[in-house]
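**Student:**
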Amino acid sequence: MGSISNPPSVFDLRSSLSSVSAPAKNGDGAISRSDRPMALDLKLNQRKIVHGDAGYVLEDVPHFTDYIPDAPNYPNPLQDNPAYSVVKQYFVNTDDTVARKIVVHKGSPRGTHFRRAGPRQKVYFESDEVHACIVTCGGLCPGLNTVIREIVCGLAHMYGVTKILGIEGGYRGFYARNTISLTPKSVNDIHKRGGTILSTSRGGHDTSKIVDSIQDRGINQVYIIGGDGTQKGASVIFEEIQRRGLKVAVVGIPKTIDNDIAVIDKSFGFDTAVEEAQRAINAAHVEAGSVENGIGVVKLMGRYSGFIAMYATLASRDVDCCLIPESPFYLEGKGGLFEFIEKRLKENGHMVLVVAEGAGQELIAESMRSMNHEDASGNKLLLDVGLWLSQKIKDHFSCKGKMPINLKYIDPTYMIRAIPANASDNVYCTLLAHSALHGAMAGYTGFTVGPVNGRHAYIPFYRVTEARNNVVITDRMWARLLSSTNQPSFLTLKDIESVRHVYSPKYLPPIKVPVDNNLPNCGSSEEHHDDHVADESSLVNQISGTTTKH
Numbered sequence: 002m003g004s005i006s007n008p009p010s011v012f013d014l015r016s017s018l019s020s021v022s023a024p025a026k027n028g029d030g031a032i033s034r035s036d037r038p039m040a041l042d043l044k045l046n047q048r049k050i051v052h053g054d055a056g057y058v059l060e061d062v063p064h065f066t067d068y069i070p071d072a073p074n075y076p077n078p079l080q081d082n083p084a085y086s087v088v089k090q091y092f093v094n095t096d097d098t099v100a101r102k103i104v105v106h107k108g109s110p111r112g113t114h115f116r117r118a119g120p121r122q123k124v125y126f127e128s129d130e131v132h133a134c135i136v137t138c139g140g141l142c143p144g145l146n147t148v149i150r151e152i153v154c155g156l157a158h159m160y161g162v163t164k165i166l167g168i169e170g171g172y173r174g175f176y177a178r179n180t181i182s183l184t185p186k187s188v189n190d191i192h193k194r195g196g197t198i199l200s201t202s203r204g205g206h207d208t209s210k211i212v213d214s215i216q217d218r219g220i221n222q223v224y225i226i227g228g229d230g231t232q233k234g235a236s237v238i239f240e241e242i243q244r245r246g247l248k249v250a251v252v253g254i255p256k257t258i259d260n261d262i263a264v265i266d267k268s269f270g271f272d273t274a275v276e277e278a279q280r281a282i283n284a285a286h287v288e289a290g291s292v293e294n295g296i297g298v299v300k301l302m303g304r305y306s307g308f309i310a311m312y313a314t315l316a317s318r319d320v321d322c323c324l325i326p327e328s329p330f331y332l333e334g335k336g337g338l339f340e341f342i343e344k345r346l347k348e349n350g351h352m353v354l355v356v357a358e359g360a361g362q363e364l365i366a367e368s369m370r371s372m373n374h375e376d377a378s379g380n381k382l383l384l385d386v387g388l389w390l391s392q393k394i395k396d397h398f399s400c401k402g403k404m405p406i407n408l409k410y411i412d413p414t415y416m417i418r419a420i421p422a423n424a425s426d427n428v429y430c431t432l433l434a435h436s437a438l439h440g441a442m443a444g445y446t447g448f449t450v451g452p453v454n455g456r457h458a459y460i461p462f463y464r465v466t467e468a469r470n471n472v473v474i475t476d477r478m479w480a481r482l483l484s485s486t487n488q489p490s491f492l493t494l495k496d497i498e499s500v501r502h503v504y505s506p507k508y509l510p511p512i513k514v515p516v517d518n519n520l521p522n523c524g525s526s527e528e529h530h531d532d533h534v535a536d537e538s539s540l541v542n543q544i545s546g547t548t549t550k551h
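Heads up, the final residue of the sequence shown is numbered 551 in our numbering, and it's a clean run with no missing numbers.
#1: Spell out the partners DSSP gives R101 in its beta bridges.
#2: If you draw a straight line from the alpha carbon of C134 to that of G161, how long is it in whole angstroms?
#3: By a C-beta neighbour count over all protein chains shown, 10 Å radius and 16 as the cutoff for buried, is G303 buried or exposed?
#4: Would you say F115 and T98 are within 9 Å of each other, going by their C-beta atoms?
#5: Could you give the first and the last residue of the continuous beta strand (DSSP E) run that contains D61?
#6: Entirely within the stretch 240 to 316 and at least 3 residues each: give me those beta strand (DSSP E) ranges in chain order.
#7: With H, G and I counted as helix, E and B as strand and the rest as coil, what does DSSP make of E527?
#8: Identify every run of the beta strand (DSSP E) within the stretch 79 to 130, keeping only runs that are complete inside it and at least 3 residues long; order them along the chain.
#9: Between which two residues does the alpha helix (DSSP H) holding H132 run?
#10: Considering only the alpha carbon of each residue, which of R244, T466, P461 and A441 lies closest to H132?
#11: Return helix, strand or coil for I411, following the three-state DSSP convention.
#12: Quick one: using the 10 Å Cβ neighbour count with 16 as the cut-off for buried, is R245 buried or exposed?
#13: Taking the Cβ atom as the reference point for each residue, do L301 and A289 lie within a distance shorter than 9 Å?
#14: Compute the beta-carbon to beta-carbon distance between R173 and G205, rounded to the nearest angstrom, for a pair I have assumed lies under 8 Å.
#15: Could you pull the start and end residues of the alpha helix (DSSP H) that I152 belongs to?
#16: Would the beta-carbon of T147 fall within 9 Å of that of A434?
#17: I'd like to check one pair, A235 with G219: are the Cβ atoms closer than 9 Å?
#18: With V356 and G387 assumed to form a contact (beta carbons below 8 Å), what rounded beta-carbon distance in angstroms separates them?
#19: To the nearest angstrom, report how far apart Y312 and P70 are at their CA atoms.
#20: Straight-line CA distance for Q279 to S436?
#21: May I ask you to list the residues that DSSP assigns as paired with A458?
#22: Under a Cβ-count criterion, where at least 16 other Cβ atoms within 10 Å of its own Cβ denotes burial, should N294 be classed as buried or exposed?
#23: For V264 and A316, I'd like the C-alpha separation in whole angstroms.
#24: Report yes or no: do the stretch 56 to 71 and the stretch 456 to 466 share at least 3 C-beta pairs separated by less than 8 Å?
#25: What's the C-alpha gap between G336 and A366?
#26: Give the straight-line distance between the Cα atoms of I242 and F175, rounded to the nearest whole angstrom.
#27: Just tell me which of I262, Y331 and V450 has its CA closest to the CA of N471.
#28: For T580, which option in L482, K123 and A443 has the closest C-alpha, if you only look at C-alpha atoms?
#29: Give the DSSP-derived three-state secondary structure of Q47 in the structure shown.
#30: Excluding the 5 residues preceding and the 5 following K507 in the sequence, name in chain order all residues of the same chain whose CB lies nearer than 8 Å to its CB.
#31: Using beta-carbon positions only, say whether A100 and G119 come within less than 9 Å of one another.
#32: I need the straight-line Cα distance from A285 to G270, nearest angstrom please.
#33: Quick check: what's the CA-CA separation for F65 versus S490?
#34: Quick check on this structure: which residue in V136, G56, I258 and Y415 has the alpha carbon closest to the alpha carbon of V105?
#35: Could you tell me whether the stretch 399 to 408 touches the stretch 212 to 226, using the rule of 3 or more Cβ pairs below 8 Å?
#36: Could you tell me which of V465, I258, M159 and S306 sits nearest to D129, measuring between CA atoms?
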């Protein structure tokens, strides 16, 4: 029999657990919607966490019946849809959940699960009752128009919905812009275009005005497409709607080209971005290889997470060095970036360097003494690491006076953001859109959708807004990149110590790091780093279990 923890942030369902159907063989502890007691008193802003047998934990998402206990339900019209008549067991079982982690050890607890996405046998809206709206917020990303199209076509073709609005200009559009009517005909070809037909913006989030607009227009399904900042805004909108007791489903579709949304396997547009980044890398390689001592520098997206740079580097095989926000680096001295560039130029006569936009910000801030500034979405405004690094490289080799270089800098950021989604992302966007609308029709709300270990799930807003997905530089994937580029890891003693807090001494034995204090200097601006790692490959080998060649 399942049980539910009751910390201050979790509401108490103990009195309802007598109605939970949980076979002893699986002990999933999930709560059946049909059996949920009508008198359930759900307090605002509380998390639904259900505990079951063998360490099973379900981080559930809100449902209308949590705060509207007498909400009526209806048979799902999909059961009469000829397109789905051939599908075996098309409706998702009420108790189906998706495991957060699938690699476990014998005797491990079952761990955290999320509610599986998909159509349910019962829905909480009649087709002619639905009045949906779609809004896009934040920066551009390949696939935005595909998600819009598939929400509109899915609602219309699967559920017979006819009233769908597009909110123009992001959150601000709810109260300061016009809306447009969306039909399957009007969105038929938009997936072939980049950008968003609804236009977008950052900021403009006024919760009271937004919910007032939703209530005044009679909207009862809100689909919000955006990154982690947008999802935070969606969470606040849901909380206000719940406070007012409105029967309005608030659904988030996570969008970030950087792939930094937590929990989900990846975000839409990422595959397209990696594919398009190859064009810029190839151009840099051609430029660098066509001149003596040619250096091609390519800056790619990645404000806090370096996934695009990492995967584009691995896919290209033409990159000699990849710099990302998660992996600190230094320029001067033994084992530094400048030494590696000089070595690679002597070996190959040219090199290609890929840098994520968020890499090296501390180094730039130190040299430029810049202040922290944020955009309207609360994102830190970054200094242009590509231009800064290109100039630093030029200055260094000009200072040495013995190796003339020819450097070309390429920034394809806006070219990548503006293209339409590729085939892989188009399919993925369709699955996201369908998962979202199935959840809304089934009465779920206050959630975002996405694949978890390959299975689409409904994830509470707080899980995708409390943390960020980052490249783990102690993971095998980063070790694979180091092995592919043969670049130094640039790890310092300080970095090693931080790693030691994560890995037990059993897996990370002590490392002796020799320090050379007799390094050449070129000008007073250069600083000697006396805390660098002389043989960083040993650390990578110990952590990842792979061999890195230097």
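All C-beta atoms in this analysis are idealised placements derived from N, C-alpha and C, irrespective of residue type, glycine included.
Since the model is a prediction, treat every value here as computed from it, not as a measurement.
**Tutor:** Reading it off the structure:
#1: DSSP output for R101 lists no bridge partner at all.
#2: 15 Å
#3: buried
#4: yes
#5: Y57 to D61
#6: 250 to 255 and 295 to 301
#7: At E527 the pLDDT is 37, less than 50, meaning the model places this residue with poor confidence; the figure from the coordinates comes in the next sentence. It is coil, neither helix nor strand.
#8: 98 to 100 and 112 to 117
#9: Looking at the DSSP string, H132 is not in any alpha helix (DSSP H); the run it does join, the beta strand (DSSP E), is H132 to T137.
#10: A441
#11: strand
#12: exposed
#13: no
#14: 3 Å
#15: L145 to Y160
#16: yes
#17: no
#18: 6 Å
#19: 48 Å
#20: 31 Å
#21: R117 and G451
#22: buried
#23: 24 Å
#24: yes
#25: 22 Å
#26: 15 Å
#27: I262
#28: Because the chain here runs from 2 to 551, residue 580 falls outside it and cannot be looked at.
#29: coil
#30: Low local confidence applies: a pLDDT of 41 at K507 is under 50, so the model's placement there is unreliable, with the coordinate-based value given in what follows. Closer than 8 Å at the Cβ level, and outside the excluded window around K507, lies no residue.
#31: no
#32: 23 Å
#33: 51 Å
#34: G56
#35: no
#36: M159
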